[in-house]
Structures are given as C-alpha cells and as structure tokens.
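Engineer: The structure that follows is given in the form of structure tokens.
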Amino acid sequence: MPQLHVENVTLQFGGLKALTEVSLVVPEGEIVSIIGPNGAGKTSMLNCISGFYHPTQGRITFGEHDLTRAAPNVVTSYGVARAFQNLELFRGLSVVENLLLARHTHLRYGLLDSLMFYGRASKQEAFNRAYVERVVDFMELEQYRHHPVGTLAYGIQKRVEVARALTLAPKLLLLDEPMAGMNVEEKEDMVRFILDIQREQGITVVLIEHDLGVVMDISDRVYVLDFGQLIASGTPAEVSANPRVIEAYTGVAEHVSFEGAHPPQGVSA
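269 is the number that full-length UniProt numbering gives the last residue of the sequence shown; the numbers go up by one with no jumps.
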C-alpha cells in the first residue's frame, strides 16, 4: 500500500494553474524524484504535500492521514519533514542549537515542568540532546556542531538543513533541490547521505533535483512535470527514453543522454 498518495491535485491562484490534476504514488521505502523544467510546478507540489499550500481540488493522503487541508505543523506531526531549497536556518545559532529547535514538536511537558526543569522536562531534554547528537554524527557534522551556521560553507549549511529535517524523526522526507549550488565533491557527499537516509534509516524520500544524472542514478521512480501537468512517470530508464520528457527539456523530441553527477565510488544506486 502506498505511503504517500496524491490524487488529481489541482492548485490554482486566480486564473493561474500551478498544478493541473496531478496524481502520483510514493511507495514506502523508495526514493521518488519529481523533475521538470523551471516553473513546472515541482515546488508547488511539495508545498501541497507539506501543508504550505492547500490544493484547489484533489486529495493527498499519507498512510491513514489526510493531508489535503492539514496545516504544516499537523503534517509534521504525521511524520513528514521537509528540507527547503532556500536555507531556513538560524544563522547566528550553532548547528546543535538549530537542530534542538527542530525537536520542539516532540516536547511533551508543560510550563511548570520547564521552569522547574526536573522529572519529565529533564528526561526529555536529555533524550532530545542525545537524538540530535546521533543526527550530527550521521550527517558527519561533528566538527561543526558548535559553529554558528552562518560561518559555515554553503555546502555544509545545506547538510545542516537536511539534518534539521531528520531531527523530526520523519517517515517521509521531502528534499527540495538539496544539491543546488554545490560543487562536485559536496554533491557526491549529499548523494551518499540521501542513499544512507533511505537504506540505513528506512525513510521514504521525495526528491526535487535539477541534476538529472543524480536523479537517474538514485531514484526508484521518477515523475515529470511540465507547466503544472504530469507528462511522464516510471523508472529512470523509462523516463529518460520518453520523447515527451526529452522535448520538455530540449524542445526537440530526440534522444538525449541524461548525464551528470554520480554516486561516489563504492556507492551503488
């Protein structure tokens, strides 16, 4: 049974349709990529899934939960986390402090407990700090844990953005261009982390990425949007050979090779 199900979703702003009757299925445990030219509606789809936009029509479900009209904090409580295309970090706070802030949705104590800081509050604080440290280790951020985020290289900041989403303990992770602006080495590291998130953590991943080489290397299936409409879906091999996809990217319905960054040596997709 699919973990995420998007059914006939339309998103309209006045006379502009950002999405038109788009349907997609994300099975549990897979890496599913959504690709398309600029303005195709990819980020609008993530906004609908994560509760920042509400579809004009259609339905979105995650397991037994209906996300169609849910607020972002409610969607998060259902096990959906998101890393944004534009960094949404507190630049003056350290890496650990940014991750601890993301754990606030898991706090289960009241004002009195927090003021006295004993019992339940103390135990939850210790648990959250230990959880954050595990995420720091997993994302190989140990040497940066106490550095202000604003002082870090851009590629490391993107890694912190993904780590912050992981601290929410998601079942489904939405990644909006996590490799944008990265150099080749940073990109290969991020590919490795995404594969580890899926394989070692068992987290389902929905990925938006412009590097089609990466998409074709690591995705289990791919959905292609163009002008807000779904024009193709299937395995990476099926999508890369689809004339409509080729035409959407090149303007010419001829074969084109989607070559780009690949997983690091020793990492197979």
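We put the CB at the ideal spot given by N, CA and C, even for glycine.
Bear in mind the structure is a predicted one, so any value in this text is a computation, not a measurement.
Rounded to whole angstroms, what is the Cα-Cα separation between C48 and S233?
Structural biologist: For the purposes of this step, residue 48 is taken as residue 48 along the sequence shown, with counting starting at 1. For the purposes of this step, residue 233 is taken as residue 233 along the sequence shown, with counting starting at 1. C48 and S233: Cα-Cα distance of roughly 19 Å.
Engineer: Quick check: the Cα distance between N98 and V162, rounded to an integer number of angstroms?
Structural biologist: Position 98 of the sequence shown, counting from 1, holds the residue named residue 98. Position 162 of the sequence shown, counting from 1, holds the residue named residue 162. Those two C-alpha atoms are separated by around 11 Å.
Engineer: Does DSSP put T20 in a helix, in a strand, or in coil?
Structural biologist: In the sequence shown, residue 20 corresponds to position 20, counting from 1. In the structure shown, T20 sits in a strand (DSSP, three-state: E or B).
Engineer: If contacts are defined as beta-carbon pairs under 8 Å, then D217 and A83 qualify, I think. What distance do you get, rounded to the angstrom?
Structural biologist: For the purposes of this step, residue 217 is taken as the residue at position 217 of the sequence shown. For the purposes of this step, residue 83 is taken as the residue at position 83 of the sequence shown. Rounded, the Cβ-Cβ distance is 19 Å, inconsistent with contact.
Engineer: If you compare alpha carbons, which of L212, E209, V6, I246 is closest to M45?
Structural biologist: Here the question's residue 45 lines up with position 45 in the sequence shown. The candidate whose alpha carbon is nearest that of M45 is V6.
Engineer: Buried or exposed: which applies to Y154, given that a residue is buried once 16 or more other Cβ atoms fall within 10 Å of its Cβ?
Structural biologist: Reading the sequence shown from its first residue, position 154 is the one you call residue 154. Exposed: under 16 other Cβ atoms inside 10 Å.
Engineer: Is the Cβ-Cβ distance between V80 and S50 less than 8 Å?
Structural biologist: Start at 1 with the first residue of the sequence shown, and residue 80 comes out as number 80. Start at 1 with the first residue of the sequence shown, and residue 50 comes out as number 50. For V80 and S50, yes; Cβs fall inside 8 Å.
Engineer: Give me the residue from R159, L168, T204 with the minimum Cα distance to E188.
Structural biologist: Against the sequence shown, residue 188 aligns to sequence position 188. Ranking R159, L168, T204 by Cα distance to E188 puts R159 first.
Engineer: For the region 9-17 against the region 127-140, are there 3 or more C-beta pairs whose distance is under 8 Å?
Structural biologist: Counting Cβ pairs under 8 Å, fewer than three are found: no touch.
Engineer: How far does the alpha helix (DSSP H) with N98 in it reach, from first residue to last?
Structural biologist: To locate residue 98, count along the sequence shown from 1; it is residue 98. Here the alpha helix (DSSP H) through N98 covers 95-102.
Engineer: Taking the straight line between their C-alpha atoms, what separation do you get for R199 and L16?
Structural biologist: Taking the sequence shown and counting its residues from 1, one reaches residue 199 at position 199. Taking the sequence shown and counting its residues from 1, one reaches residue 16 at position 16. Using only the alpha carbons, I get a separation of about 39 Å.
Engineer: Determine the DSSP secondary structure at L4, reduced to helix, strand or coil.
Structural biologist: Position 4 of the sequence shown holds residue 4. Three-state result, L4: strand.
Engineer: Have a look at G14 and H54 and give me their C-alpha separation to the nearest angstrom.
Structural biologist: Taking the sequence shown and counting its residues from 1, the one referred to as residue 14 is at position 14. Taking the sequence shown and counting its residues from 1, the one referred to as residue 54 is at position 54. Distance between the alpha carbons of G14 and H54 is about 14 Å.
Engineer: Quick one: Cα of R221 to Cα of T235, how far?
Structural biologist: Taking the first residue of the sequence shown as 1, we reach residue 221 at position 221. Taking the first residue of the sequence shown as 1, we reach residue 235 at position 235. For R221 and T235, the distance between alpha carbons rounds to 4 Å.
Engineer: Within the same chain, show all residues whose beta-carbon is closer than 7 Å to that of G92, passing over the 5 residues directly before and after it, in chain order.
Structural biologist: By 1-based counting over the sequence shown, the position of residue 92 is 92. Cβ within range, chain order: P148, G150.
Engineer: Under a three-way DSSP split, which group does D211 fall into?
Structural biologist: The count along the sequence shown starts at 1 and reaches residue 211 at position 211. Coil.
Engineer: In three-state DSSP terms, what is P55?
Structural biologist: Here the question's residue 55 lines up with position 55 in the sequence shown. The answer is coil: DSSP assigns P55 none of H, G, I, E or B.
Engineer: State the DSSP-derived secondary structure class of Q157, mapped to helix, strand or coil.
Structural biologist: In the sequence shown, residue 157 corresponds to position 157, counting from 1. Residue state, collapsed to three classes: helix.
Engineer: On the DSSP bridge assignment, give the partners of V184 in chain order.
Structural biologist: Counting from 1 along the sequence shown, the entry for residue 184 is found at position 184. The partner list for V184 (beta bridge, DSSP) is empty, contrary to what the question assumes.
Engineer: Using the Cβ count rule (16 or more neighbours within 10 Å means buried), how would you classify Q143?
Structural biologist: Walking along the sequence shown from the start, residue 143 turns up at place 143. Exposed: under 16 other Cβ atoms inside 10 Å.
Engineer: Which residues does DSSP list as the beta-bridge partners of H146?
Structural biologist: By 1-based counting over the sequence shown, the position of residue 146 is 146. In DSSP, H146 forms no bridge with anything.
Engineer: Can you tell which of F193, E209, T204 has its C-alpha closest to the C-alpha of M181?
Structural biologist: Indexing the sequence shown from 1 puts residue 181 at position 181. For the sequence presented, residue 181 should be read as Gly rather than Met. Considering only alpha carbons, the answer is E209.
Engineer: Nearest by alpha-carbon distance to N38: which of I156, T61, V22, A18 is it?
Structural biologist: Here the question's residue 38 lines up with position 38 in the sequence shown. Per the Cα distances, A18.
Engineer: When you compare only the Cα positions, how much space is there between N73 and L89?
Structural biologist: For the purposes of this step, residue 73 is taken as residue 73 along the sequence shown, with counting starting at 1. For the purposes of this step, residue 89 is taken as residue 89 along the sequence shown, with counting starting at 1. Cα to Cα, N73 sits roughly 17 Å from L89.
Engineer: Check each candidate in H104, V205, G228, G41 and name the one with the smallest Cα separation from L168.
Structural biologist: Within the sequence shown, numbered from 1, the residue matching residue 168 stands at position 168. Looking at the Cα atoms, H104 is the closest of the given residues.
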